[in-house]
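First to last, the protein sequences are chains A and B.
Going by my numbering, 1107 is the number at position 278 of the first sequence; the sequence numbering is gapless.
Going by my numbering, 1013 is the number at position 184 of the second sequence; the sequence numbering is gapless.
Where a beta carbon is used, it is the ideal one built from N, C-alpha and C, also for glycine.
These notes concern the structure reproduced below.
Protein chains: 2
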Amino acid sequence: MGQPNNHNQVINLGRHEKVMEIALRRGFLWPSYEIYGGSSGFYDYGPLGAALRKNILDIWREFYCVREGFFEISSPTIGPEEVYIASGHVKSFVDPTVECKKCGEVYRADHLVREVLGMETDGLTTDELNRHIEGIKCQKCGGGFGEVWTYNLMFRTHIGPGEKKVGYLRPETAQGMFILFNRLYGFYRKKLPFGVAQIGRAYRNEISPRQGVIRLREFTQAELEIFVSPGEKTHKDFGKVSGDSLRLVPRDGSEIEISAGEAVSRDIIAHELLSYHLILTKNFLECVGIPREKIRFRQHLKTEMAHYAADCWDAEVCTDRFGWVEVVGIADRTDYDLKAHESQSGVELKSFTPFDSPKFYRKKIVVPDMAKIGPDFKGRAGQIVERLKGLGEDEIAAFDEEGYIEFDGIRLDRNYVSIKEVEEKVTGEKITPHVIEPSFGIDRIIYCLLEAAYNERDGRNVLSFKPRVAPIQVGVFPLVAKDELTAVARKIYSKLRGEGYYTVYDESDSIGRRYSRIDEIGVPFAVTVDFDTLKDDTVTVRERDSTNQTRVKIGELKDKLTIGKMFP
Amino acid sequence: MGQPNNHNQVINLGRHEKVMEIALRRGFLWPSYEIYGGSSGFYDYGPLGAALRKNILDIWREFYCVREGFFEISSPTIGPEEVYIASGHVKSFVDPTVECKKCGEVYRADHLVREVLGMETDGLTTDELNRHIEGIKCQKCGGGFGEVWTYNLMFRTHIGPGEKKVGYLRPETAQGMFILFNRLYGFYRKKLPFGVAQIGRAYRNEISPRQGVIRLREFTQAELEIFVSPGEKTHKDFGKVSGDSLRLVPRDGSEIEISAGEAVSRDIIAHELLSYHLILTKNFLECVGIPREKIRFRQHLKTEMAHYAADCWDAEVCTDRFGWVEVVGIADRTDYDLKAHESQSGVELKSFTPFDSPKFYRKKIVVPDMAKIGPDFKGRAGQIVERLKGLGEDEIAAFDEEGYIEFDGIRLDRNYVSIKEVEEKVTGEKITPHVIEPSFGIDRIIYCLLEAAYNERDGRNVLSFKPRVAPIQVGVFPLVAKDELTAVARKIYSKLRGEGYYTVYDESDSIGRRYSRIDEIGVPFAVTVDFDTLKDDTVTVRERDSTNQTRVKIGELKDKLTIGKMFP
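The following block contains the structure:
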């Protein structure tokens, strides 16, 4: 996840503040460790926030695990050092940092220079940063700064007793999937393409995070790694979506509306598979409740993109408070990750693609004549045989032609060996698969959704969540708190809970206040029991957004509360 | 989680090894970081294991979040030091440890003494351990040991740059809920009892874990914290379960079968609320697929139990490999946790219980006569007024009776004040709620379930998962791989996936082999498309455990595949 992108930013603090006030007061999001004075970069999901997140993750699984058929795996959050040496995080997941020599306040060096001197800092070296910082004073105490150092953003710990074995908290869930490649390839019965999903915590020890749930030290990712043959970056269902429209901001900075198919044929998106996943991402975000007009896809600039990536697009959502916020990254990571782990671990991470029919090659081989080599070279015979085994095709050809070969100070004549031509059968080809990675920042999606769902009606707060997403789906109310009504209402409440609806019961205050109370947390339906209920077994069902009220038989409630239940 | 309990242990390595072989080969459980030589105490959930876990957690949520109405929250896994100072983990979550001075191997000191000297080590002090270890040599190299030190089992890290702010990875999810008490109490509209749930990772940096998924350094907990009034450890539905039977091993070591109600009335279980949760735990474990006869509840011995706990029971499951394994702990933690955090943070963590009607007390108060005190005591007048404000009821009574009072070397006569009797209105009482905590070790439950589900049929492996729990619910097969059959089979496959069933498609090898392949991973249903399908739109549904085959119309498949779907 990069920085929220501040171009075209629309500031409307009121809306953000209203949403965050509801989130805090009603139990969606709470800054963590409040009773201990807080700890920035950490947030708790309260009862409503956790339910909202669960519903969003269930929809994500429905999109990717059930419908696309990507199995989910779950790997540890703590990993040994080697993993993150291979991935490049130990070396490159760093920020340039300076500390005030007087008060000890730590700053991100490039941000400091950018803010104070108003200059672009992308690509500045440590030396250049040092020179610029010389003239800058600490913004807290006016003190001077020490040298710029690189601060690694991974949380560091030790595995087992002592300090021998360094471990890191994963900065992304992705690496846990790459290193399982051989196991996963076996699970998918050694066929490409296949995809695998992981949902879980990831960690970035930010220097001083100050943007609420947009920049967390501990956050939830949902990532997919799709392993494909380099030459087959297609999708069998691309035809079904190729006419669907995408709002793109390609590298040149223009903004265009274009079909998924045309974006590929005009070389704006690198290939079908990426384009397919842009569409799927858009559909997911819309399904969750982000309005279509607030979604766009921005292509990474060459300078922004990892050097190994072939193409990368961010799904961005327009927010009132933070402008366009990156919520999903969709990258073609090529063979970088598998090759990096292969090289670090020494374990081959490759797929094997059989040819349609075996191929046959003629090649020359050298067969040593031991009856001659043994007696003539004695103790060095073994060494000679080893060297002969290791000869390449070119060396054998030269040996055959020139009549002798030299190595290790030995000259061996052609008559010590026989050189034969044989036929070799090759049944297929080993390759390092490429990886396409859609990576979702769940906390950011939740923030964007809260903002998008918020509206006011007659001066009161309403969160217009879709029924599938709403943390609570039904409120059950007796019109007044009289025993004959509360008994029936409680029975309906228990029945709906038993059927798997997230339901609340409330009998205090006026019915109007109870409606307002659940509107504010986005409950789509209210069921009210009144005196007519006792006569004809009907209740009033009120729909949150239209405020329409319908009279429904208790036995037919299930048909009216069309929610998508949490449990079957 | 304590040690697996080895009393009454039945060793049958074959069964354990067969299950673990399937788990590894088919993709349930993989030892983590294999390509980097492994890292003990860490396991990956492969595609089938992760699905199994997800299904179990969904059932858990259905039991506790939906039916019992406990909301789920989600707090960070990294916490600042203060939290774990308060909880006692910084001081007490330690193992006595020794290191070989020669080879550097680290041992748990008490285990070393127990194993080598064959003696009981519970309750030995560090000094006593040191004396015993003097005579012991390193089991690896024969070297001598250094001094015993206490090793803290929490993973330690730093929050933000530098080493100023120490953080720990949580050793249990519980603390995250205790410190949210005030927020949660507000969310539940300031009424006791209420319950809150959390599912997530927890961490224990074991010295040298060697028991697979039974003892992990990173594991998944599902915990409930139920906050109750100390005098109200009851449950409104206890009557519904009080006749249900429990297999108990109380503190005296006997094993009895007794009803939940009788266990309370005979003072074996401390109170109704604990007994209710023993029943609920048993029902959950059975619902997941652990056979009733493999479940018992063992009461903690006084020496085993935390000093503050009022009563504690472990649900244990009988395994072939590890004997009785603790999978759930159900404890009455009294007011310990809230008081500890209140004291550490300085923030009050109490509930307020209003009386049915306000209570009125008559009490005496002292009103200083400033017109006299001011002129006579001048500069000390302020100090006197402060002291008078702070007088207790007894002191005021004595002052009134004796006619003077002395403090700070001052004697003040009765005539400097007036002493009046007033009426005080008290509307309720502040209390620290007690906490009942059922805590589930999800990884252990999964291991026990794998073992319990395993059986052999005609020399082939079968995992008899319940349909709701099975990672894959349906296999769809064309009888032979001919286009006309595969087309129909693929269509059924897509349709079932679209309806939310976890489905696999397989066309390779004989139909018998395909049945065996899915029996081994516990798929409850197979749907086979054959040439009759093309005539009459029927398919064969085979049920895994009975191997019964039924002919079913494609349109009526949903009624036959009674699974409990993953998504509505």
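Practice task
Using a Cβ cut-off of 9 Å (strictly closer), state whether A/His-1064 contacts chain B.
Solution key: Answer no: the Cβ-Cβ gap between A/His-1064 and chain B never drops below 9 Å.
Practice task
Please look up how many angstroms separate the CB atoms of A/Arg-985 and A/Ile-1275, rounded, as I've assumed it's under 8 Å.
Solution key: A/Arg-985 to A/Ile-1275, Cβ: 28 Å. No contact.
Problem - Given A/Ile-1087 as reference, the closest of A/Lys-1062, A/Phe-1056, A/Arg-1125, A/Asp-1066 once Cα atoms are compared - result: If we check each option's Cα against that of A/Ile-1087, A/Arg-1125 comes out closest.
Problem - Reference A/Gly-1329, options A/Ile-851, A/Arg-1343, A/Gly-1270, A/Val-1303, closest by Cα - result: The residue with the shortest Cα to Cα distance from A/Gly-1329 is A/Val-1303.
Handout entry: Residue range of the beta strand (DSSP E) that includes B/Phe-1086
Key = Note on residue identity: the sequence assigns Glu, not Phe, to residue 1086 of chain B. Taken as a continuous stretch (DSSP letters only), the beta strand (DSSP E) holding B/Glu-1086 covers 1085-1088.
Practice task
Return the Cβ separation of A/Thr-1148 and A/Val-1157 in integer angstroms, given the expectation that the two are a contact with Cβ distance under 8 Å.
Solution key: That belief does not hold up - the Cβ atoms of A/Thr-1148 and A/Val-1157 are roughly 14 Å apart, past 8 Å.
Handout entry: Residues near B/Asn-1034 by beta carbon distance below 7 Å, same chain, minus five either side
Key = Only Leu-982, Met-983, Phe-984, Arg-1046 meet the Cβ criterion.
Handout entry: Of the listed residues A/Ile-1159, A/Tyr-1334, A/Lys-994, nearest to A/Ala-1051 (C-alpha basis)
Key = Nearest to A/Ala-1051 by C-alpha distance, out of A/Ile-1159, A/Tyr-1334, A/Lys-994, is A/Ile-1159.
Exercise for the section: Please name the residue or residues paired with B/Asn-1284 in a DSSP beta bridge. Expected result: Answer is B/Val-1291, bridged to B/Asn-1284.
Practice task
Run down chain B in chain order and give the residues with a C-beta less than 8 Å from the C-beta of A/His-1136.
Solution key: Chain B residues near A/His-1136: none, gap ~24 Å exceeds 8 Å.
Handout entry: Interface flag, B/Leu-998 vs chain A, CB-CB below 9 Å
Key = For B/Leu-998, the answer is yes, since a Cβ of chain A falls inside 9 Å of its Cβ.
Problem - Interface partners of A/Pro-909 on chain B, CB under 7 Å - result: Near A/Pro-909 (Cβ distances below 7 Å), the residues of chain B are Tyr-862, Tyr-865, Ser-868.
Problem - Secondary structure of B/Leu-1155, DSSP reduced to three states - result: Reading off the sequence, residue 1155 of chain B comes out as Glu, not Leu. In this structure, DSSP gives B/Glu-1155 an extended state, which the three-state scheme calls strand.
Handout entry: Distance between B/Arg-1121 and B/Ile-840 (C-alpha atoms, nearest Å)
Key = With a pLDDT of only 48 at B/Ile-840, under the threshold of 50, the placement of this residue in the model should not be trusted, and no figure is reported.
Handout entry: chain A residues whose Cβ lies nearer than 8 Å to that of B/Arg-1326
Key = By Cβ distance, chain A contributes Val-895, Arg-896, Gly-898.
Exercise for the section: Would you mind telling me which residues of chain A sit closer than 9 Å to B/Glu-1047, beta carbon to beta carbon, in chain order? Expected result: Under the 9 Å cutoff, chain A gives Pro-905, Thr-906, Ile-907.
Exercise for the section: Return the first residue and the last residue of the alpha helix (DSSP H) that A/Phe-1206 is part of. Expected result: Per DSSP, A/Phe-1206 belongs to the alpha helix (DSSP H) from 1199-1206.
Problem - Where the segment 1155-1178 of chain A meets chain B: residues whose CB sits under 7 Å from a CB there - result: Listed in chain order, the positions of the segment 1155-1178 of chain A with a beta carbon within less than 7 Å of a beta carbon of chain B are His-1170, Ser-1174, Val-1176.
Handout entry: Chain-ordered residues of the segment 1366-1382 of chain B with a beta carbon less than 8 Å from chain A
Key = The residues in question: there are none.
Practice task
For A/Trp-1153, decide whether its Cβ has a neighbour in chain B, counting only Cβ atoms nearer than 9 Å.
Solution key: A/Trp-1153 does not count as touching chain B.
Practice task
To the nearest angstrom, report how far apart B/Gly-898 and B/Phe-1048 are at their CA atoms.
Solution key: When rounded, the distance between both Cα atoms is 25 Å.
Handout entry: Under 9 Å by beta carbon: chain B residues contacting A/Gly-1024
Key = Ordered by position in chain B, no residue passes the 9 Å Cβ test against A/Gly-1024, which lies about 11 Å from the chain.
Exercise for the section: Taking only the alpha-carbon atoms, compute the straight-line gap between A/Asn-1039 and A/Ser-868 and give it to the nearest angstrom. Expected result: The question names Asn, yet the displayed sequence has Arg at residue 1039 of chain A. Each residue's CA atom was taken as its position, placing A/Arg-1039 and A/Ser-868 some 11 Å apart.
Handout entry: Range covered by the beta strand (DSSP E) that runs through A/Arg-1319
Key = Careful: A/Arg-1319 lies outside any beta strand (DSSP E), inside the alpha helix (DSSP H) at 1312-1327.
Handout entry: Contacts around B/Arg-1080, its chain only, beta-carbon distance under 8 Å, and the 5 residues preceding and following it disregarded
Key = Result list for B/Arg-1080: Gln-1128, His-1129, Leu-1130, Lys-1131, in chain order.
Exercise for the section: Under 8 Å by Cβ, that's how I've got B/Pro-1022 and B/Phe-1067 pegged, so tell me the actual separation to the nearest angstrom. Expected result: With 8 Å as the limit, B/Pro-1022 and B/Phe-1067 do not qualify as a contact, their Cβ atoms being about 13 Å apart.
Handout entry: C-beta atoms of A/Asp-951 and A/Ala-938 nearer than 9 Å
Key = Not in contact: A/Asp-951 and A/Ala-938 (Cβ atoms no closer than 9 Å).
Practice task
Can you give me the Cβ contacts of B/Ile-1248 inside the same chain, cut-off strictly under 8 Å, excluding the 5 residues immediately before and after it?
Solution key: Around B/Ile-1248: Lys-1193, Ile-1194, Val-1195, Val-1196, Ile-1225, Phe-1228, Asp-1229.
Practice task
Using the Cα positions of B/Phe-1269 and A/Ser-903, report the straight-line distance between them to the nearest angstrom.
Solution key: Going from the Cα of B/Phe-1269 to the Cα of A/Ser-903 covers about 18 Å.
Problem - Cα-Cα separation, B/Lys-1020 to B/Arg-1286 - result: Taking the straight line from one Cα to the other gives about 55 Å.
Practice task
Within its chain, find whatever has a CB closer than 6 Å to the CB of A/Ile-965; leave out the 5 residues flanking it on each side and keep chain order.
Solution key: Answer for A/Ile-965: Val-945, listed in chain order.
Exercise for the section: Determine the contact status of B/Ile-1028 and B/Thr-1002, defining contact as a CB-CB distance below 9 Å. Expected result: If you check the CB distance, B/Ile-1028 and B/Thr-1002 come in under 9 Å.
Handout entry: Contained beta strand (DSSP E) runs [length at least 3] in the segment 1162-1247 of chain A, N- to C-terminal order
Key = Whole beta strand (DSSP E) segments, 3+ residues: 1180-1197, 1233-1236, 1239-1242.
Practice task
Report the residue ranges of all beta strand (DSSP E) runs contained in full by the segment 941-1011 of chain B; include only those spanning at least 3 residues, in chain order.
Solution key: Within the segment 941-1011 of chain B, the complete beta strand (DSSP E) runs of at least 3 residues are 978-981, 985-987, 995-998.
Problem - For B/Lys-1249: DSSP bridge partner residues - result: B/Ile-1194, per the DSSP bridge assignment.
Practice task
Would you please verify whether the beta carbon of A/Lys-883 is less than 9 Å from any beta carbon of chain B?
Solution key: Taking Cβ atoms only, chain B reaches closer than 9 Å to A/Lys-883, which makes this a yes.
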